[in-house]
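Here the structure is laid out as structure tokens; the discussion comes afterwards.
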Amino acid sequence: MTLFVHVLLRDLRLAWRARSDLLVALSFFVIVASLFPFGVGAEPERLRAIGPGVVWVAALLAALLALPRLFEKDAEAGVLEQLLLSPEPAVLWVAAKIVAHWLATGLPLVLLSPLLGLMYRLEGAGLGVLAAGLLLGTPVLSLVGAIGAALTLGLRGAGSLLALLVLPLFVPVLVFGAGAVEAWSAGMGVSAQFSLLGGGLLAALALAPFACAAALRLAAE
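Be aware that the sequence shown starts at 33, since it is given in our numbering, and climbs by one per residue.
Encoded structure:
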């Protein structure tokens with residue numbers, strides 16, 4: 033666990049030093065979500081209907097924007113090869129890098145989501161459902177996206193390939209996350225959607241670090 037904590041803190045420090053990149057992703061999230069009311073009109077019912085989906089799509093695209101840099105800088109600096117050659121299990125430091133990526137990019141999206149939800153006329157409980165869904169769903173985006181980032185590491189046009197690879201896998205998270213707010217708006221329970229998001233998160237936590245470690249070994253060979 034010492035390696036896990038060390039890599040986690042190191043990546044958080046690096047993310048803070050390159051905070052302009054993080055601000056770009058957050059600005060993209062806010063701008064994309066803010067543009068839709070200008071295009072569809074300001075009718076409260078219409079905004080309330082499309083709001084959850086718009087916020088989720090904006091969060092998905094913002095998370096995708098930051099994914100190519102997850103392993104790229106360490107690979108260019110030779111740090112990745114040193115970590116792969118270390119006697120410590122690769123799963124530990126891979127998991128630490130994914131957690132750091134989510135803390136730097138996914139968590140700010142969760143914290144900003146209620147403000148954007150207000151723009152779409154969501155009420156207090158609906159804002160909580162939106163934020164809770166993102167809290168469960170954005171780690172899945174980071175975990176699944178990390179597999180794509182590892183598989184496309186070092187390839188020409190890696191960003192485009194990464195998008196083509198992981199966007200179809202993000203669709204279930206998008207459907208269940210936005211569906212939770214829609215179910216709440218219809219007066220239905222949201223436990224089913226949250227259970228599916230939680231199950232996807234547990235499955236991704238169990239599988240993604242191992243898949244990333246294997247993909248990174250292949251990329252380093």
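Built from N, CA and C at the ideal position, the CB exists for glycine as well.
Residue burial classification, residue i (beta-carbon count within 10 angstroms, cutoff 16)
i	result
Pro-119	exposed
Val-203	exposed
Leu-147	exposed
Trp-48	exposed
Gln-225	buried
Ile-63	exposed
Leu-196	exposed
Pro-241	buried
Residue i and residue j closer than 8 Å at C-beta
i	j	result
Leu-162	Ser-174	no
Leu-141	Leu-166	yes
Phe-208	Leu-228	yes
Ala-95	Thr-170	yes
Ala-178	Ala-251	no
Val-266	Leu-46	As shown, the chain starts at 33 and ends at 253. That puts residue 266 outside it, with no answer to give.
Gly-180	Leu-99	yes
Arg-80	Val-72	no
Reference residue i, options the options, closest by Cα
i	options	result
Gly-83	Gly-211, Ala-251, Gly-231, Ala-127	Gly-211
Thr-137	Arg-249, Ala-235, Ala-247, Asp-43	Asp-43
Leu-54	Arg-101, Met-220, Ala-240, Leu-248	Arg-101
Tyr-152	Ala-190, Ala-65, Ala-243, Val-126	Ala-65
Leu-106	Val-126, Leu-93, Ala-164, Leu-237	The amino acid occupying residue 106 in the given sequence is Asp; Leu does not appear at that position. Cα-wise, what sits closest to Asp-106 is Val-126.
Leu-35	Val-123, Ala-235, Glu-113	Val-123
Gly-110	Leu-193, Ala-235, Gly-186	Gly-186
Phe-60	Val-86, Ala-81, Glu-77	Val-86
Arg-249	Leu-116, Arg-51, Glu-108	Leu-116
Enclosing alpha helix (DSSP H) for residue i [first to last residue]
i	result
Ser-192	190-217
Met-151	139-151
Leu-135	Note, Leu-135: premise wrong, no alpha helix (DSSP H); not H, not E.
Ser-118	Where Ser-118 is concerned, there is no enclosing alpha helix (DSSP H), given that its DSSP letter is neither H nor E.
Leu-46	34-49
#### Entry: Complete runs of the alpha helix (DSSP H) confined to the segment 92-116 [at least 4 residues]
If we require 4 residues or more, the alpha helix (DSSP H) runs fully inside the segment 92-116 come out as 101-109.
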